[in-house]
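Written out below as structure tokens is the structure these notes cover.
Residue numbers (the numbering used here): 10 to 453.
If you want it as structure tokens, here you go:
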């Protein structure tokens with residue numbers, strides 16, 4: 010039998026005797042208090058064990074008391090499993106998974122992956138979301154860690170619209186524009202490049218409709234399988250595009266919650282409580298925006314996209330916002346370096362054949378999405394390298410010629426390198442490009 014500490018010996022007289030057996034009166038009182046509402050939760054089970062470990066010695070009386078609570082009081086299923094494991098091993102099992110220094114419930118994460126693996130389309134359905142919510146319950150609500158974990162599953166996995174709405178309501182969340190963008194891009198594929206279509210709800214030019222039809226057809230054939238085309242579910246330019254872009258399997262129509270496009274083509278998805286919220290999300294979603302005609306609304310969305318660095322390809326020949334009206338972003342009307350003069354003139358000339366202008370758009374989009382993909386890969390590499398160097402590292406890059414032009418320069422680099430290393434903190438990392446000359450001298 011474990012020796013009792015002086016503090017515990019002082020409590021022996023206060024033990025409670027039941028059917029000839031002694032139990033720890035304080036533990037029993039605590040357990041009765043926890044069970045007063047019908048059951049002992051997981052957090053409360055941990056609290057009981059914490060009380061036992063107060064002086065780092067667990068006596069036979071205390072162990073017997075905990076076993077008694079398992080027999081006489083109702084524990085939630087999770088709490089019962091936990092207490093039995095504690096009594097068997099003498100320690101609280103690890104129920105957390107740490108990701109980027111944040112704790113998540115490992116059981117919930119595993120459950121989410123099981124549900125995704127068993128679903129045909131790799132999504133979390135409404136039924137799955139309900140199972141996850143039930144899994145998080147411990148009789149007395151959801152803990153902070155469980156809530157954080159459920160939010161994490163929404164960020165990292167694709168929920169159906171109904172499932173996402175259910176979980177947001179349960180967690181008391183209002184989906185932000187950034188949250189919606191993460192959810193939608195996860196659904197389209199993390200490596201997808203998103204081409205958004207902007208345009209008026211009614212065609213103004215005599216050949217604008219034919220131009221959109223031709224662009225949709227050519228883009229569907231010219232772009233790779235990772236391209237996704239996003240419309241706002243509006244009539245006119247967006248509907249025409251959706252109905253003419255291949256078989257529609259890569260077309261997504263974004264509408265406010267509870268609305269549908271009625272296009273009969275593409276996949277309708279919902280985000281935002283109204284049109285204004287939907288527009289804010291649409292403006293953040295695309296890698297590239299194609300504009301046709303349009304009024305102040307199209308110009309506003311093009312400005313927002315261009316301001317955050319998204320590529321904008323205006324069909325200048327169609328006029329309206331795309332022709333530079335309504336404060337359309339002037340930078341988007343200038344020819345990018347990767348576009349040829351001939352291609353750009355086909356976007357501008359009203360006399361150019363529709364098919365030629367459509368081909369130019371397809372070629373420009375194909376080239377620019379290629380640049381976007383390279384840029385994404387570069388950013389991922391930078392993130393990987395920064396992770397290796399340490400997220401809190403201050404990085405100093407060394408640039409210079411591959412041959413020294415005079416002796417003083419070489420001596421300067423050799424003197425500077427050790428002085429820098431001695432002067433700065435340990436979180437400063439020096440990066441060279443592995444070239445001879447200045448970089449090699451600095452590294453050595």
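Glycine included, every Cβ here is placed at the ideal spot set by N, Cα and C. Please read these numbers as outputs of a predicted model, since none were measured by experiment.
Quiz prompt | Alpha-carbon spacing of residue 324 relative to residue 260, whole angstroms | solution = Translated into the one-based positions of the chain shown, residue 324 becomes position 315. Translated into the one-based positions of the chain shown, residue 260 becomes position 251. Those two C-alpha atoms are separated by around 20 Å.
Quiz prompt | Per-residue burial, residue 205 [other beta carbons within 10 Å of its own, 16 or more giving buried] | solution = Counted from its first residue, the chain shown places residue 205 at position 196. Classification for residue 205: buried.
Quiz item: In chain order, what residues of the same chain have a beta carbon less than 6 Å from the beta carbon of residue 224, not counting five sequence neighbours either side?
Solution: One-based indexing of the chain shown puts residue 224 at position 215. 367, 370.
Self-check item: Length of the line joining the Cα atoms of residue 221 and residue 258
Solution: As a working mapping, residue 221 is identified with position 212 in the chain shown. As a working mapping, residue 258 is identified with position 249 in the chain shown. Between residue 221 and residue 258, the C-alpha separation is close to 18 Å.
Practice problem: Take the Cβ of residue 87 as the centre, count every other Cβ of all protein chains shown within 10 Å, and call the residue buried at 16 or more, exposed below. | Solution: As a working mapping, residue 87 is identified with position 78 in the chain shown. The Cβ neighbour count for residue 87, taken over all protein chains shown within 10 Å, is at least 16; the residue is labelled buried.
Self-check item: For residue 106: DSSP bridge partner residues
Solution: One-based indexing of the chain shown puts residue 106 at position 97. Looking at the DSSP assignment, residue 106 forms a beta bridge with 113.
Quiz item: Would a C-beta distance cut-off of 7 Å place residue 265 and residue 283 closer than the cut-off?
Solution: Here residue 265 is taken as the residue at index 256 of the chain shown, counted from 1. Here residue 283 is taken as the residue at index 274 of the chain shown, counted from 1. If you check the CB distance, residue 265 and residue 283 come in under 7 Å.
Quiz item: In the structure shown, what three-state DSSP assignment does residue 125 receive?
Solution: Residue 125 sits at position 116 when you count from the first residue of the chain shown. Three-state result, residue 125: helix.
Exercise. For residue 277, write down the residues that DSSP places opposite it in a beta bridge.
Key: Numbered from 1 along the chain shown, position 268 holds the residue referred to as residue 277. 262, per the DSSP bridge assignment.
Quiz item: Are the segment 236-246 and the segment 401-413 touching by the rule of at least three beta carbon pairs closer than 8 Å?
Solution: With the cut-off at 8 Å, the segment 236-246 and the segment 401-413 do not touch.
Exercise. Give the C-beta separation of residue 40 and residue 49 to the nearest angstrom, bearing in mind that I take them to be a contact with Cβ-Cβ under 8 Å.
Key: In the chain shown, residue 40 corresponds to position 31, counting from 1. In the chain shown, residue 49 corresponds to position 40, counting from 1. Indeed, because the Cβ distance is near 7 Å, the residues count as touching under 8 Å.
Quiz item: On the three-state DSSP scale, how would you describe residue 16?
Solution: The count along the chain shown starts at 1 and reaches residue 16 at position 7. For residue 16, the predicted model reports a pLDDT of 45, less than 50, meaning its position is unreliable; a value from the coordinates is still stated below. In this structure, residue 16 counts as helix in the three-state DSSP scheme.
Quiz prompt | Residues of its chain near residue 113, where Cβ-Cβ distance is below 8 Å and the 5 sequence neighbours each way are ignored | solution = For the purposes of this step, residue 113 is taken as residue 104 along the chain shown, with counting starting at 1. Within the same chain, 105, 106, 107, 154, 157, 158, 161 come within 8 Å of residue 113 by CB-CB distance, once the 5 residues on both sides are set aside.
Quiz item: With distances taken between CB atoms, is the gap from residue 117 to residue 145 smaller than 7 Å?
Solution: Here residue 117 refers to the residue found at position 108 of the chain shown. Here residue 145 refers to the residue found at position 136 of the chain shown. Yes; because the gap between Cβ atoms is below 7 Å, this pair is in contact.
Self-check item: Endpoints, beta strand (DSSP E) assigned at residue 239
Solution: Stepping through the chain shown from its first residue, residue 239 is reached at position 230. Looking at the DSSP string, the run of the beta strand (DSSP E) that includes residue 239 is 236-240.
Quiz item: Roughly how many angstroms lie between the CA atoms of residue 372 and residue 406, to the nearest whole one?
Solution: As a working note, residue 372 is residue 363 in the chain shown. As a working note, residue 406 is residue 397 in the chain shown. Rounded to the nearest whole angstrom, the CA to CA distance from residue 372 to residue 406 is 37 Å.
Exercise. May I ask you to report which of helix, strand or coil DSSP gives residue 10?
Key: Translated into positions along the chain shown, residue 10 becomes position 1. Confidence in residue 10 is poor, its pLDDT being 43 and thus under 50, which makes the residue's placement too unreliable to answer from.
Self-check item: N- and C-terminal bounds of the beta strand (DSSP E) containing residue 208
Solution: Taking the chain shown and counting its residues from 1, the one referred to as residue 208 is at position 199. Run containing residue 208: 202-208, per the beta strand (DSSP E) assignment.
Quiz item: Per DSSP, residue 413 forms a beta bridge with which residues?
Solution: Within the chain shown, residue 413 is the residue found at index 404, counting from 1. None, per the DSSP bridge assignment.
Quiz item: Between residue 226 and the rest of its own chain, which residues show a CB-CB distance below 8 Å, the 5 nearest in sequence each way excluded?
Solution: Residue mapping note: residue 226 aligns to position 217 of the chain shown, counting from 1. Hits under 8 Å: 253, 254, 255, 367.
Quiz item: Going by DSSP, what residues sit across from residue 427 in a beta bridge?
Solution: Stepping through the chain shown from its first residue, residue 427 is reached at position 418. Beta-bridge partners of residue 427 (DSSP): none assigned.
Practice problem: Give a yes or no on whether the C-beta atoms belonging to residue 312 and residue 338 are separated by under 7 Å. | Solution: Position 303 of the chain shown, counting from 1, holds the residue named residue 312. Position 329 of the chain shown, counting from 1, holds the residue named residue 338. Residue 312 places its beta carbon less than 7 Å from that of residue 338.
Exercise. Please name the residue, chosen from 94, 115, 166, 95, that lies closest to residue 128 on a Cα-to-Cα basis.
Key: Within the chain shown, residue 128 is the residue found at index 119, counting from 1. Just measuring C-alpha positions, the residue of 94, 115, 166, 95 sitting nearest residue 128 is 166.
Practice problem: On a CA-only basis, which of 58, 75, 81, 31 is nearest residue 47? Give me that one, please. | Solution: Residue mapping note: residue 47 aligns to position 38 of the chain shown, counting from 1. With distances taken between CA atoms, residue 47 lies nearest to 81 out of 58, 75, 81, 31.
Quiz prompt | Proximity to residue 95 [Cα-Cα], best of 301, 350, 58 | solution = Counting from 1 along the chain shown, the entry for residue 95 is found at position 86. Measuring C-alpha to C-alpha distances from residue 95 to each of 301, 350, 58 identifies 58 as the nearest.
Quiz item: Exposed or buried, residue 326, counting other C-beta atoms within 10 Å across all chains shown (16 or more means buried)?
Solution: On the chain shown, residue 326 is found 317 positions in, with the first residue counted as 1. So residue 326 counts as buried.
Quiz item: At a cut of 8 Å, does the segment 270-282 reach the segment 304-322 through at least three beta carbon pairs?
Solution: They do not touch, by the three-pair rule.
Practice problem: Return the chain-ordered list of same chain residues with a C-beta closer than 7 Å to the C-beta of residue 217, the five sequence neighbours on each side being excluded. | Solution: The residue given as residue 217 occupies position 208 in the chain shown. Here the set comprises 301, 302, 327.
Quiz item: Per DSSP, residue 299 is paired with what?
Solution: Position 290 of the chain shown, counting from 1, holds the residue named residue 299. Paired residue(s): 206, 322.
Quiz item: Thinking just about the alpha-carbon of each residue, which of 72, 73, 91 is nearest to the one in residue 52?
Solution: Here the question's residue 52 lines up with position 43 in the chain shown. Cα-wise, what sits closest to residue 52 is 91.
Self-check item: Spatial distance of residue 355 from residue 245 (CA atoms)
Solution: Here residue 355 refers to the residue found at position 346 when the chain shown is read from its first residue. Here residue 245 refers to the residue found at position 236 when the chain shown is read from its first residue. Using only the alpha carbons, I get a separation of about 22 Å.
Exercise. Using DSSP bridges, identify the partner residues of residue 31.
Key: Position 22 of the chain shown, counting from 1, holds the residue named residue 31. Its beta-bridge partners are 26.
Quiz item: What did DSSP end up calling residue 133 once you bin it into helix, strand or coil?
Solution: As a working mapping, residue 133 is identified with position 124 in the chain shown. Look at residue 133 here: in three-state DSSP terms it is strand.
Quiz prompt | Contacting residues, own chain, Cβ-Cβ under 8 Å from residue 36 (five flanking each side not counted) | solution = Locating residue 36 in the chain shown gives position 27, counting from the first residue. Short of 8 Å from the beta carbon of residue 36, and not among the five residues preceding or following it, lie these beta carbons of its own chain, in chain order: 57, 60, 61, 71, 74, 75, 78.
Quiz item: Using the C-alpha atoms, what's the distance from residue 68 back to residue 30?
Solution: As a working mapping, residue 30 is identified with position 21 in the chain shown. As a working mapping, residue 68 is identified with position 59 in the chain shown. Roughly 14 Å separates the two Cα atoms.
Exercise. To the nearest angstrom, report how far apart residue 298 and residue 420 are at their CA atoms.
Key: Taking the chain shown and counting its residues from 1, one reaches residue 298 at position 289. Taking the chain shown and counting its residues from 1, one reaches residue 420 at position 411. Going by the C-alpha atoms only, they are around 52 Å apart.
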